[in-house]
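In what follows, a single structure is set out as structure tokens and then discussed.
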Amino acid sequence: MCSVPSGADAYAALYSATSSDGVLRLGNVVPDFEAETTHGPIKWHEWIEGSWAILFSHPADFTPVCTTEIGRLALKYDELKSKGCKLATLSCDPVDSHTKWLNDVVAHCENKVTIDFPIIADPTREIAVKYGMIDPELKDKEGLPLTCRAVFIIGPDKKLKLSLNYPASVGRNMDEITRVVDALQLSAKYSVATPANWPNNHESIGKKGQAFLLPTVTPEDAAKYFPDHTTCKVPSGIDYLRLTPIDKLG
């Protein structure tokens, strides 16, 4: 296995574990919380201990886009689980609402799925505020704010590795979620970074699935630990576009 510090190590050094203004940012330890879920009570930090984890939020139960999103997540659940990644979703609805709504989700998927991950209830909006996932425009019938379509990918160190925020009108692409999990886990293990559209790289960026060596990898370490890497030549003459096949790593 490559002993060069991983991409995660290199980038993590740039971030603080805590935020001075209370805003959750990349590299911060995510807020802990206790809540009720469709799987019973949850203590967040205890539940994600030592694992990759994804926290989703959806605006509301019994809404069309959210129904399709939870259904697609259910179809991706086994794949995410195989990557060592736990999954939970959240909205401001109570647990009994979640439970009734999930019957619709399963039926809409033609009973081809089961919802094997917890749906968190956050009626007080306490968790939503901690994670900064309140939609500034979206309100329920009582005028209370709802959550946006947020995604938080959390590493085994409980630090935020990636976050996405979508408006209520745009459903998330679950294939993209699994893609970024793969990319994050790859860079956590090796000193590489994934190019645009990875692993379906553009023909100008080498073969499918190849990744770039980080600039922190010296030429000596590149030759030693990544002997199959190649360098794309550019007019500047700087050898920074160094590609390695990932199937040769490890």
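Counting along the sequence shown from 1, when you hit position 187 you're at 202 in the numbering used here, and nothing is skipped either side. Just so it is clear, CB atoms sit at the ideal spot from N, CA and C, and this is done for glycine as well. No experiment lies behind these values; they were computed from the predicted model shown.
Short check: CB of residue i to CB of residue j, under 9 Å?
i	j	result
R273	Y146	Nothing in the structure corresponds to residue 273, since the chain is present only between 16 and 265.
R140	L153	no
T53	P133	yes
A183	D155	no
Please return the same chain residues whose Cβ sits closer than 8 Å to the Cβ of residue i, not counting the five positions on each side in sequence.
i	result
E94	T193
A198	T209, W213
T129	A89, V121
Output needed for residue i: all residues of its chain with C-beta closer than 6 Å, excluding positions within five of it in sequence on either side, in chain order.
i	result
P46	K145
R87	M189
H217	none
Just to confirm the assignment, what range does the alpha helix (DSSP H) spanning residue i have?
i	result
L95	79 to 97
T114	110 to 123
E218	Neither: E218 is in no alpha helix (DSSP H) and is coded neither H nor E.
A238	234 to 240
Considering just the uninterrupted stretch of the beta strand (DSSP E) at residue i, what are its terminal residues?
i	result
A50	49 to 52
A68	67 to 72
I57	55 to 58
A103	100 to 106
A75	Per DSSP, A75 belongs to no beta strand (DSSP E) and is neither H nor E.
R257	257 to 259
A226	226 to 228
Among the residues of its own chain, which have a CB less than 7 Å from the CB of residue i, if the five just before and after it don't count?
i	result
H244	L228, A237, R257, L258, T259
Could you work out which residue in the options is closest to residue i when comparing CA atoms only?
i	options	result
S66	E125, T52, A203	A203
V166	P250, I85, E64	I85
H123	A136, T78, P151	T78
I169	W59, T53, E51	W59
L177	V196, D262, E218	V196
S72	I63, E61, G186, N43	G186
W62	L39, D137, C100, L41	C100
(message) I'd like the ranges of any beta strand (DSSP E) spanning at least 3 consecutive residues and lying wholly in the segment 132 to 206.
(response) Uninterrupted beta strand (DSSP E) stretches at least 3 residues long and entirely within the segment 132 to 206 occur at 134 to 136, 149 to 154, 160 to 162, 164 to 169, 175 to 181, given in chain order.
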